[in-house]
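The structure appears right after this line, and notes come after that.
2 protein chains.
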Amino acid sequence: MDNLYIALVHYPVVNKQNQPIGSALTTIDMHDIARAAMTFGVKGVYVITPFQDQADLAREVIRHWTLGHGSRLNPCRKQALELIRVTGTFEGAVQEIEAEQNGPVVTVATSARMHPNTISPHALKQTQGADTPCLLVFGTAWGLADELINQCDMQLDPITGPGSYNHLSVRSAASIYLDRLMNG
Amino acid sequence: MDNLYIALVHYPVVNKQNQPIGSALTTIDMHDIARAAMTFGVKGVYVITPFQDQADLAREVIRHWTLGHGSRLNPCRKQALELIRVTGTFEGAVQEIEAEQNGPVVTVATSARMHPNTISPHALKQTQGADTPCLLVFGTAWGLADELINQCDMQLDPITGPGSYNHLSVRSAASIYLDRLMNG
Numbered sequence: 464m465d466n467l468y469i470a471l472v473h474y475p476v477v478n479k480q481n482q483p484i485g486s487a488l489t490t491i492d493m494h495d496i497a498r499a500a501m502t503f504g505v506k507g508v509y510v511i512t513p514f515q516d517q518a519d520l521a522r523e524v525i526r527h528w529t530l531g532h533g534s535r536l537n538p539c540r541k542q543a544l545e546l547i548r549v550t551g552t553f554e555g556a557v558q559e560i561e562a563e564q565n566g567p568v569v570t571v572a573t574s575a576r577m578h579p580n581t582i583s584p585h586a587l588k589q590t591q592g593a594d595t596p597c598l599l600v601f602g603t604a605w606g607l608a609d610e611l612i613n614q615c616d617m618q619l620d621p622i623t624g625p626g627s628y629n630h631l632s633v634r635s636a637a638s639i640y641l642d643r644l645m646n647g
Numbered sequence: 464m465d466n467l468y469i470a471l472v473h474y475p476v477v478n479k480q481n482q483p484i485g486s487a488l489t490t491i492d493m494h495d496i497a498r499a500a501m502t503f504g505v506k507g508v509y510v511i512t513p514f515q516d517q518a519d520l521a522r523e524v525i526r527h528w529t530l531g532h533g534s535r536l537n538p539c540r541k542q543a544l545e546l547i548r549v550t551g552t553f554e555g556a557v558q559e560i561e562a563e564q565n566g567p568v569v570t571v572a573t574s575a576r577m578h579p580n581t582i583s584p585h586a587l588k589q590t591q592g593a594d595t596p597c598l599l600v601f602g603t604a605w606g607l608a609d610e611l612i613n614q615c616d617m618q619l620d621p622i623t624g625p626g627s628y629n630h631l632s633v634r635s636a637a638s639i640y641l642d643r644l645m646n647g
């Protein structure tokens with residue numbers, strides 16, 4: 464998958480009671496997901512938040528590591544964080560990718576919960592050409608709100624193990640899905 | 464692999480200049496790796512540090528989430544952090560596992576760098592029986608020191624993507640290796 468993008472969504476997501484909320488930025492999500500994205504050849508990572516102070520914080524982190532002291536301290540981190548783009552809405556990220564790619568992007572939701580009609584990463588690769596732009600969408604907090612999941616074109620199977628425990632961090636989930644898509 | 468354990472090593476690891484150091488605890492490593500371990504049916508997660516203040520901090524985090532307020536706030540986190548055990552040395556972890564399993568444990572190093580004679584997660588599964596106790600060893604900071612890698616019975620292939628970038632977080636690397644071992 465040569466034109467893969469990631470969206471890390473902070474709104475609309477849900478809390479522990481499955482109520483829609485906007486979540487706060489967790490800066491280590493940006494680092495871990497950008498490093499995994501860089502490893503697996505992802506084209507861009509969208510941090511999506513409607514909150515101006517959170518968008519400012521995200522841009523400050525990016526600036527530190529791509530232009531500031533952090534960029535000289537750790538060039539590997541610089542390379543990774545250069546992949547990150549900040550937008551206010553999911554739709555804004557989709558529009559930006561479609562402009563960059565001169566065509567539609569397939570949006571693919573992820574969730575730890577079972578939903579009908581999910582597909583495997585392998586099936587996603589098989590059904591889409593290698594060049595098809597795809598946006599893999601991850602929720603922070605307790606996951607993407609159903610309204611955003613339903614807005615996406617497809618949804619990936621949840622990551623499961625031998626038991627029923629399904630509480631991976633979004634950092635772990637993004638890393639595993641990327642590995643399955645790129646190496647699986 | 465029904466008897467898999469994880470070691471998260473803080474000494475001996477290396478810094479950016481490949482010099483042996485002892486690293487500081489990163490508490491989110493404990494959370495992310497314990498959550499992945501719980502998801503994939505790992506038997507125990509060893510946090511290994513020779514520094515008393517760091518061991519105390521690790522135990523304080525575990526206590527908060529398994530016995531304190533955190534355990535009532537988030538029972539899923541409780542389940543995960545109950546997997547964590549703290550030891551001062553790698554040898555101490557190995558001894559504890561061997562006592563628990565009544566027999567030897569196969570130690571398997573991980574590294575982002577290329578080494579001779581590494582094997583794939585698939586080959587590890589094939590060559591070891593499903594019941595064989597295995598300890599998967601991860602380094603913090605810039606990775607395990609060679610002396611510890613060489614002390615292990617085997618070493619897994621590094622996780623790679625289409626390019627040469629090899630700077631995953633230990634949280635991402637542990638998640639991907641577990642997925643490959645349990646679902647690959």
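Here the protein sequences come in this chain order: W and A. Start counting the first sequence at 464; every next residue gets the next number (this note's numbering). Start counting the second sequence at 464; every next residue gets the next number (this note's numbering). All C-beta atoms, glycine included, are put in the ideal place defined by N, C-alpha and C. Since the model is a prediction, treat every value here as computed from it, not as a measurement.
| Query | Result |
| --- | --- |
| Answer yes or no: does any C-beta atom of chain A fall closer than 8 Å to that of Ile-469/W? | no |
| At which residue ranges does the region 505 to 581 of chain W contain complete beta strand (DSSP E) runs of 3 or more residues, listed in the order of the chain? | 507 to 511, 547 to 550 and 569 to 572 |
| Hey, how far is the Cα of Ala-499/A from the Cα of Gln-542/W? | 27 Å |
| Tell me the DSSP secondary structure of Pro-584/W in three-state form. | helix |
| Apart from the five residues just before and just after Ala-670/W, which ones in its own chain have a Cβ nearer than 7 Å to its Cβ? | Because residue 670/W is not part of the residues shown, which for chain W are 464 to 647, the question remains open. |
| Please list, in chain order, the chain W residues whose beta carbon lies closer than 7 Å to that of Cys-539/A. | His-630 |
| Below 8 Å between beta carbons is the criterion; list the residues of the region 498 to 519 of chain A that meet it against any residue of chain W, in chain order. | Arg-498, Ala-499, Met-501, Thr-502, Phe-503 and Gly-504 |
| Can you pull the chain W neighbours of Ala-543/A, defined as C-beta to C-beta under 9 Å? | Tyr-628 and His-630 |
| Which residue comes first and which comes last in the beta strand (DSSP E) that contains Ala-470/W? | 467 to 472 |
| For the beta strand (DSSP E) that contains Leu-598/W, what are its first and last residues? | 597 to 602 |
| For a contact defined as C-beta to C-beta under 9 Å, what are the partners of Met-645/A on chain W? | Gly-624 and Pro-625 |
| Is the Cβ of His-473/W closer than 8 Å to any Cβ of chain B? | Absent here is chain B; the protein component of the structure consists of chains W and A. |
| If Ser-574/W sits next to Pro-621/W, beta carbons under 8 Å apart, how far is it from one beta carbon to the other, in whole angstroms? | 6 Å |
| With distances taken between CB atoms, is the gap from Asp-616/A to Thr-570/A smaller than 8 Å? | yes |
| If we ignore side chains and look at the alpha-carbon of each, how far apart do Leu-536/A and Thr-502/A end up? | 20 Å |
| Can you tell me which of the three DSSP states Met-464/W falls into? | coil |
| What did DSSP end up calling Gln-589/W once you bin it into helix, strand or coil? | helix |
| Helix, strand or coil: which one does DSSP assign to Leu-619/W? | strand |
| Around the Cβ of Ala-487/W, are there at least 16 other Cβ atoms within 10 angstroms (buried) or fewer (exposed)? | exposed |
| Can you tell me which of the three DSSP states Leu-644/W falls into? | helix |
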